[in-house]
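K.L.:
Got a structure here, written out as structure tokens. Questions coming.
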Amino acid sequence: MSLASKLVRKAGDLGLYQFARLLTANTPRILMYHRFAAEAEPGYVSRERFREQVAYIKKYYHPMTLQDLSTCLFDTGKVPRYAIVITVDDGYRDFHDVAWPVLKELDVPATLFVTTGFVDGRLWLWPDQISWLFAQLEGPNTAFKYRDFELAEGEVGRNPGKTWQRVIDRLLSVPDAEKHEFIAALASTWQTPVPATPPPAYAPCSWDQLVDMQNQGIEIGGHTVTHPTLGQVSREQAVAEVAGCKAMLADNLPQNPRTFCYPNGMPSDFSTELMKVVEETGFDCAVAAFADNAAMKHRYALRRHSGAQDWFQFHKAVSGVEYLGQVFRGNAAEHR
Ligand SMILES: [Zn+2]
């Protein structure tokens, strides 16, 4: 029997996901989560679904923190088969309230990337301010115009998800000052002042909660001070964001942060120069927010797969089906 037919037979015997898992046993996977909720709702992973996913990971994989994976990859050179890392971005309180009890119960480690200014109560994340403004509307929105961007009267009510995405897409590519100007203009047009600190639905973990979780095995990594898209700020600002975040985590937590996550995390958000900044700040490694065939190749831009409420996406990411597809298609987001 040819190798190809042996492989096909094996694939049939095992099922696609288990076969992909076997083929990619030596390529670690890093999963990326954001928000959790007690019950299923769009944009969140529910407690029950997360529990199923963590139990699945525990059964078939070797879960570890990013710091431990980094040691295996870059120091000892000995990476366990089926290595996987659960990462969660931003530092929302729902990680503490929903995900953490599940991880604790099943004794599975994870890495939480924290935006320190958010935890410190100095800001809330701008996409959340847009969501909150949308949620405050009691009837059709009045028309809004900011530079070249227009929202028609009643547009939010007609298609909330799509309109929200259109606003986010418009703001992602502009500097933070312009984002804030846009939000202030929208809030003023709709006569709905945005509170200085986030309402409970968008609240961060407290420092005490982070200390408690770190003491019990959750790795806390850096995610800047104010969550800017680093590709859009000066080198000086980028250094202040990365180093300021590291210093604040070190001051407030028992253990020093060792790993870093780029806000937004797309190829334009971490140049070679930015990767150097992160390295020189003393972080051991850093993660991007997309996956391609480079996987674990770049220490300061390790690829991540989206964890999700959806079982299909979860299995595709975890099993290696997504990664294998990228390898076969020669899919590289960028040469770095
Ligand atoms: Zn983030």
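One point on numbering: in my numbering, the residue at position 320 of the sequence shown is 363, and numbering is uninterrupted. Virtual Cβ for every residue (Gly too), placed ideally from N, Cα, C.
If I measure Cβ to Cβ from Ala-80 and keep anything under 8 Å in the same chain, skipping five residues before and after, which residues do I get?
P.N.:
Excluding positions up to five away in sequence, the list reads Tyr-87, Val-88, Ser-89, Arg-90, Asp-137 and Val-141.
K.L.:
Quick check on the DSSP output: what are the complete beta strand (DSSP E) runs of length 3 or more inside the region 128–210, in order along the chain?
P.N.:
As far as the region 128–210 is concerned, its whole beta strand (DSSP E) runs of at least 3 residues are 154–157, 187–189 and 192–194.
K.L.:
Alpha carbon to alpha carbon, how far is Pro-271 from Arg-52?
P.N.:
Going by the C-alpha atoms only, they are around 49 Å apart.
K.L.:
So, are the CB atoms of Met-291 and Asp-163 less than 9 Å apart?
P.N.:
In contact: Met-291 and Asp-163 (Cβ atoms closer than 9 Å).
K.L.:
How would the residue list near ligand 1 read, in chain order, if you kept each one whose beta-carbon is closer than 6 Å to any heavy atom?
P.N.:
The answer, residue by residue, is Asp-132, Asp-133, His-266, His-270 and Pro-306.
K.L.:
Relative to the C-alpha of Asn-299, which candidate in Phe-93, Cys-288 and Pro-306 has its C-alpha closest?
P.N.:
Among Phe-93, Cys-288 and Pro-306, the Cα nearest to that of Asn-299 is on Cys-288.
K.L.:
Please list, in chain order, all residues of the same chain as His-378 whose beta carbon is under 7 Å from its beta carbon, the five residues on each side excluded.
P.N.:
Residue placement at His-378 is flagged as unreliable, the pLDDT there being 49, under the threshold of 50; a coordinate-derived value is accordingly withheld.
K.L.:
Give me the Cα-Cα distance between Leu-46 and His-348, rounded to the nearest whole angstrom.
P.N.:
Distance between the alpha carbons of Leu-46 and His-348: 30 Å.
K.L.:
Quick one: what does DSSP say Pro-243 is sitting in, helix, strand or coil?
P.N.:
Helix.
K.L.:
Among the residues of its own chain, which have a CB less than 6 Å from the CB of Phe-156, if the five just before and after it don't count?
P.N.:
Counting only Cβ-Cβ distances below 6 Å, and skipping sequence neighbours, we find Asp-132, Gly-264, His-266 and Cys-304.
K.L.:
Determine the burial state of Asp-312: buried for a count of at least 16 other Cβ atoms within 10 Å of its Cβ, exposed for fewer.
P.N.:
Asp-312 comes out buried.
K.L.:
Kindly list the residues whose CB is nearer than 7 Å to the CB of Leu-166, restricted to its own chain and excluding five residues on each side of it in sequence; keep chain order.
P.N.:
Within the same chain, Leu-166 has close Cβ partners Gly-160 and Thr-269.
K.L.:
Beta carbon of Arg-94, beta carbon of Gly-363: below 9 Å?
P.N.:
For Arg-94 and Gly-363, no; Cβs fall outside 9 Å.
K.L.:
Rounding to the nearest angstrom, what Cα-Cα distance links Glu-262 and Pro-236 in this structure?
P.N.:
Looking at the two C-alpha atoms, the distance is approximately 36 Å.
K.L.:
Beta carbon of Pro-241, beta carbon of Pro-247: below 9 Å?
P.N.:
In contact: Pro-241 and Pro-247 (Cβ atoms closer than 9 Å).
K.L.:
If I measure Cβ to Cβ from Tyr-60 and keep anything under 7 Å in the same chain, skipping five residues before and after, which residues do I get?
P.N.:
Excluding sequence neighbours, Tyr-60 sits near His-358, Ser-362 and Val-364.
K.L.:
Any idea what DSSP makes of Ile-100, helix, strand or coil?
P.N.:
DSSP places Ile-100 in helix when its eight states are reduced to three.
K.L.:
Run through the region 310–341 for me and flag every whole alpha helix (DSSP H) of 4 or more residues, listed as ranges in chain order.
P.N.:
DSSP runs (the alpha helix (DSSP H)) wholly in the region 310–341: 315–324.
K.L.:
CB Pro-310 to CB Phe-326, shorter than 9 Å?
P.N.:
Cβ distance not < 9 Å, so Pro-310 and Phe-326 don't count as in contact.
K.L.:
Under three-state DSSP, which class holds Gly-265?
P.N.:
Note: Gly-265 maps to strand in three-state DSSP.
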